[in-house]
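Protein chains in written order, with my numbering: chain A, 28 to 491; chain B, 8 to 320.
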């Protein structure tokens, strides 16, 4: 086939824009330096669209909270439009790093504080300092002790938590427990691992699963390690365990210590005694929640977000026909602190350096973490606890009595910091959960995990 | 259409004049072919060669996902082989890949042979057996994850009906987890292989099979001595494709097991994903990806070689 020279040139000309488009698509991304100039500019009156990330599903407490805040903010500033962009639990701690550092970054990103995303963005200077946002309404004081961990070595804040959550809450089904002959202690804390196992056995005998939990997730087994660790080692050791991943903190507590081994032994004994539901190592959080809400389990391991979330929707749909109560996991031994719930402030929000509207993003974030924003978004719309301590939640109609009980319990007894919520995920829960799963199957010993953990700690510190 | 601008139509040129002008039909075609290939070659270079080269380069570096890279030589490869996790992951990957692929091709061949033999309801089965192949892997993963649940799953229920153990925690035990995964992989993969092999089987001259029947050949003999030898190239091609696809079978396995429990179903793509996105070790992830690519290249080379030799036969 022969083509005229004219049509040949047309063909070549036509191929050029396509090639150019491809090359443009692969062009080098804008450098952080190039966009930092936007940071200092004040919000303008020009129309602006802010993209905000939230964790799916679409009806999650986070989504409801952001929608409520966005509506009010758009009324306050008519030139602002807020678009909510959902990401999954899996994405927020990993692949979202590439989104947040691309030139298509959202204006406000969801950045779990114990994730690799936060660690790497801090190291690479990819987060906008939020000192002015924090200082505007005295956020650190309103946040309380949790603010200390947010302050970085360079004197800047880079991420703002929006909610406080307590995890390792053992929700109970009182009617089922009664039928199984299980009594929860008055202080709500199971006396020992043996007492919890005994309760589980009674439940099994009565035809119910003992403790439902998402053993197949890459975090829940780590929670149980959290719950035990604070109780199994001296408090100064525990403080070192949750901070010695930093290269400027000396290692004074070793993971091969008897206390750590005792915690892991307890987790192994739970599995061997059949405390959990059948097939728990292949089930996620929602599957275990469904088992509990439909009355198939005596107890459920989860967090304080359930009363305003799954429990509400399950009750409204008629799936859940009982009023749950709660208990606390047992201490492993009495060397450390008493057994308590663990607080988590980890689902924080930050402004990626690559985003386009730093000034407006800061304004929105400031409103979001203000007392008014926290009351509207977290308390009233989402039904979850605010991050700040200055919002009076006692009179709120949005909270279920159960959540108020949990808050009152923490106010009376306090809480223990969680190992997995303090450590970067790559060293903490991401590393230990598969090992605990192997332990629960009898494929590794507690002592071996201790050795592996210690080696991983040394490696993590060496790699900086 | 032929038009060389101001030149005469080639048909009107004598061979000597044509040579003299040095503008032959082939020369123009070649030049035009080369020019036409430039955009495609450019796209292939940008989207295939560059990422591959970048991945190889990254495997010799330390990179957490953003920021600058740090050259570490062969350290990533050494780490992978020292820790033993990669070796275990490759073992699981090969188990999954070979078992799934061979069973897919075997089952698909039997189905194609049955349908092409005008078995009862063959028109119906021709469509039905292809259906699983169009389902999204994530949906299949959810479907079979529920199917293999110990208490509510259909598999244990059916096994119970036949007096078999009905309390197996299929996906929750490292000893059994690969069973459901391989089963689901076969379930979703048979349809495509069936369709391709059916086309090949039906392409065999009917008279050959009829003659063999007259000669008293059983169905088994027809399959092993006529059908399989004649569709050999297609068989090897589809087997090679299945091996490559299953080696890279991330979606289904990840959605069903997340690599667990305790890494017991962590095939190489999941290993790579976890290294990169959960641990932020893109260097070691790239090294694992390069090792996987070498495996695939060998597989592909063997597949093509065997397919060609069958064609020559």
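Glycine residues also receive a C-beta, built at the ideal position from the N, C-alpha and C atoms.
Complete beta strand (DSSP E) runs within the stretch 151-189 of chain B (minimum length 3 residues, chain order): none
Nearest to residue 484 of chain A (by Cα), restricted to the options A/459, A/473, A/472, A/470: A/459
contact_flag[the stretch 193-210 of chain A, the stretch 331-351 of chain A] where n(CB pairs < 8 Å) is 3 or more: yes
Closer than 8 Å to chain B by CB, residue 307 of chain A: yes
Buried or exposed by the 16-neighbour rule on C-beta atoms within 10 Å, applied to residue 140 of chain A: buried
Contacts that residue 121 of chain A makes with chain B (C-beta to C-beta distance below 7 Å): 284, 285
Chain B within 8 Å of residue 325 of chain A, Cβ atoms only: no
Short CB-CB distance (under 8 Å) between residue 264 of chain B and chain A: yes
Simplified DSSP state of residue 382 of chain A, which is helix, strand or coil: coil
At least 3 beta-carbon pairs within less than 8 Å: the stretch 124-138 of chain A vs the stretch 380-389 of chain A: yes
Interface flag, residue 200 of chain A vs chain B, CB-CB below 8 Å: no
Neighbour flag for residue 143 of chain A against chain B, beta carbons, 8 Å: yes
C-beta neighbour in chain B for residue 27 of chain A, strict 8 Å: In the structure displayed, chain A extends from 28 to 491; residue 27 of chain A sits before or after that span and is not available.
Delimiting residues of the alpha helix (DSSP H) encompassing residue 460 of chain A: 456-467
Where residue 370 of chain A sits in the DSSP three-state scheme: strand
Integer Cβ distance of residue 204 of chain B from residue 115 of chain B, believed to fall under 8 Å: 5 Å
Test item: CB-CB of residue 443 of chain A and residue 257 of chain A under 8 Å: yes
The stretch 147-155 of chain A in contact with the stretch 94-106 of chain A per 3-pair CB rule at 8 Å: no
For residue 497 of chain A: DSSP bridge partner residues: Residue 497 of chain A cannot be examined here, being either before or after the span of chain A that is shown, 28 to 491.
Beta-carbon proximity of residue 184 of chain A to residue 370 of chain A, cut-off 8 Å: no
Cα-Cα separation, residue 63 of chain A to residue 385 of chain A: Because the pLDDT at residue 63 of chain A is just 39, under 50, the model does not fix this residue reliably, and the point stays unresolved.
Contained alpha helix (DSSP H) runs [length at least 4] in the stretch 268-331 of chain A, N- to C-terminal order: 285-299, 312-320
Spatial distance of residue 100 of chain B from residue 273 of chain B (CA atoms): 8 Å
Segment contact, 8 Å Cβ cut-off, at least three pairs: the stretch 240-250 of chain A with the stretch 459-473 of chain A: yes
Within chain B, the residues that residue 237 of chain A reaches when beta carbons sit closer than 7 Å: Result: empty, since nearest Cβ-Cβ is about 14 Å, beyond 7 Å.
Contact set between the stretch 67-90 of chain B and chain A, restricted to residues whose Cβ is under 9 Å from the partner: 69, 71, 72, 73, 74, 75
Residues of the stretch 468-487 of chain A with Cβ closer than 9 Å to any Cβ of chain B, in chain order: 468, 470, 471
Cβ of residue 58 of chain B within 8 Å of any chain A Cβ: no
Test item: CB-CB of residue 375 of chain A and residue 187 of chain A under 8 Å: yes
Beta-carbon contacts of residue 222 of chain A that lie in its chain and below 7 Å, excluding the five residues immediately before and after: 357
Pairwise C-alpha distance: residue 112 of chain A and residue 91 of chain A: 13 Å
8 Å Cβ cutoff met for residue 269 of chain A and residue 449 of chain A: yes
The beta strand (DSSP E) enclosing residue 352 of chain A, as first and last residue numbers: 352-355
Host beta strand (DSSP E) of residue 79 of chain A (start-end): 75-82
Cβ-Cβ distance between residue 242 of chain B and residue 112 of chain B below 8 Å: yes
Proximal chain B residues relative to residue 457 of chain A, where beta-carbon distance stays under 7 Å: 285, 286
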